[in-house]
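Novice: Can you keep this structure in mind? I'll have questions shortly.
Residue numbers (the UniProt record's numbering): 1 to 72.
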């Protein structure tokens, strides 16, 4: 997939890898839990701005883990 593209399965895998509950994942992305569910199940395509936000969130979480010695 090109930069800024993500399917529902990719979104779900990113969320699971983050270790965050759906509610916190949705809050950090600025969306509702139901939107996360619809994207993950393929009912709706993942918007490009959300895919880009996920990349940013993953980087933020990785930086926090590194700063905490591997824990977040």
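Glycine residues also receive a C-beta, built at the ideal position from the N, C-alpha and C atoms. Note that the coordinates shown come from a computational prediction; the quantities given were computed from them, not determined experimentally.
Select from 47, 58 and 5 the residue whose C-alpha is nearest the C-alpha of residue 25.
Specialist: Start at 1 with the first residue of the chain shown, and residue 25 comes out as number 25. Comparing Cα-Cα distances from residue 25 to each of 47, 58 and 5, the minimum goes to 58.
Novice: Give me the residue from 17, 41, 47 and 67 with the minimum Cα distance to residue 30.
Specialist: Counting from one through the chain shown, the residue named residue 30 turns up at place 30. Checked all of 17, 41, 47 and 67; the closest Cα to residue 30 is 47.
Novice: If you draw a straight line from the C-alpha of residue 39 to the C-alpha of residue 66, how long is it?
Specialist: Residue 39 sits at position 39 when you count from the first residue of the chain shown. Residue 66 sits at position 66 when you count from the first residue of the chain shown. So the alpha carbons of these two residues sit roughly 29 Å apart.
Novice: What is the rounded straight-line gap between the Cα of residue 19 and the Cα of residue 13?
Specialist: Locating residue 19 in the chain shown gives position 19, where the first residue counts as 1. Locating residue 13 in the chain shown gives position 13, where the first residue counts as 1. Cα to Cα, residue 19 sits roughly 10 Å from residue 13.
Novice: Can you tell me whether residue 50 is buried or exposed, with buried defined as 16 or more other CB within 10 angstroms of its CB?
Specialist: Within the chain shown, numbered from 1, the residue matching residue 50 stands at position 50. By the neighbour-count criterion, in which 16 or more other beta carbons inside 10 Å mark a residue as buried, residue 50 falls on the buried side.
Novice: Rank 53, 68 and 45 by C-alpha distance to the C-alpha of residue 9 and give the top, closest one.
Specialist: Against the chain shown, residue 9 aligns to sequence position 9. Taking only the C-alpha atoms, the option nearest residue 9 is 45.
Novice: Ignoring anything shorter than 4 residues or poking outside the UniProt domain "HTH cro/C1-type" (11-43), list the alpha helix (DSSP H) runs there in chain order.
Specialist: Runs found: 22-29 and 33-40.
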